[in-house]
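In terms of the numbering used here, the sequence shown is residues 12 to 157. Down below is the structure, laid out as structure tokens.
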Amino acid sequence: MATIPRELTIGQLAERSGVSTSALRFYEAEGLIGSRRTTGNQRRFAREMLRRVAFIRVSQHLGIPLGRIREALGTLPSDHAPTPEDWRHLADSWRDDLDARIDHLQALRDDLAGCIGCGCLSLTTCALANPGDIQAARGPGARRFD
Ligand code: FES
Numbered sequence: 012m013a014t015i016p017r018e019l020t021i022g023q024l025a026e027r028s029g030v031s032t033s034a035l036r037f038y039e040a041e042g043l044i045g046s047r048r049t050t051g052n053q054r055r056f057a058r059e060m061l062r063r064v065a066f067i068r069v070s071q072h073l074g075i076p077l078g079r080i081r082e083a084l085g086t087l088p089s090d091h092a093p094t095p096e097d098w099r100h101l102a103d104s105w106r107d108d109l110d111a112r113i114d115h116l117q118a119l120r121d122d123l124a125g126c127i128g129c130g131c132l133s134l135t136t137c138a139l140a141n142p143g144d145i146q147a148a149r150g151p152g153a154r155r156f157d
């Protein structure tokens, strides 16, 4: 197996992570990953960015908002490459988020079970069409149903 270079171009990072270069540029613009610029103004990513990208992708698959992902990544040290211990600490702190998400999905599943076969999508009684009664919180008046 080939060793991973200490620094990667954006194309190498895309190839190794399976994430498009445009997504990587977006992650960088959002402060989720970082790079240095060469004298020719090309990005060079430290090898450890691969792990960050993997963390971002998995978190996104779980439906965790980017802001929360950024917050979690912000707990990693900025003065050195994160150690396995740093990542373990992050994973531990991530458990509460995952538990909350699992609870939310289980509640949605239970609501969906009641809605299958109903189909009313009532804004007053359907927890799927109007979770947490957000329509009431928006106040009276016509609006687009989104
Ligand atoms: S679709 Fe009727 S209660 Fe949800």
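Note that CB positions come from ideal geometry on N, CA and C, so glycine has one too.
In this structure R55 touches T20 by the C-beta definition: roughly 7 Å separates them, less than 8 Å.
Burial of A83 is indicated by the presence of at least 16 other C-beta atoms within 10 angstroms of its C-beta.
Apart from sequence neighbours up to five positions away, the residues of its chain that approach R17 with a beta-carbon distance below 6 Å are R58, ordered along the chain.
When secondary structure is reduced to three states using DSSP, E18 falls in the strand class. By the criterion of a C-beta distance shorter than 7 Å, I67 is surrounded in its chain by Y38, L43, I80, once the five residues flanking it on both sides are discounted. For R48, the beta-bridge partners assigned by DSSP are R54. Per the coordinates, the alpha-carbon of H100 lies some 44 Å from the alpha-carbon of G130.
Using a 10 angstroms sphere on the CB of V30, the tally of other CB atoms reaches 16 or more, which defines it as buried. L24 places its beta carbon less than 8 Å from that of L61. Here L109 is not near L139, since their CB atoms are 8 Å or more apart.
As the crow flies, the alpha-carbon of C126 is around 25 Å from that of I75.
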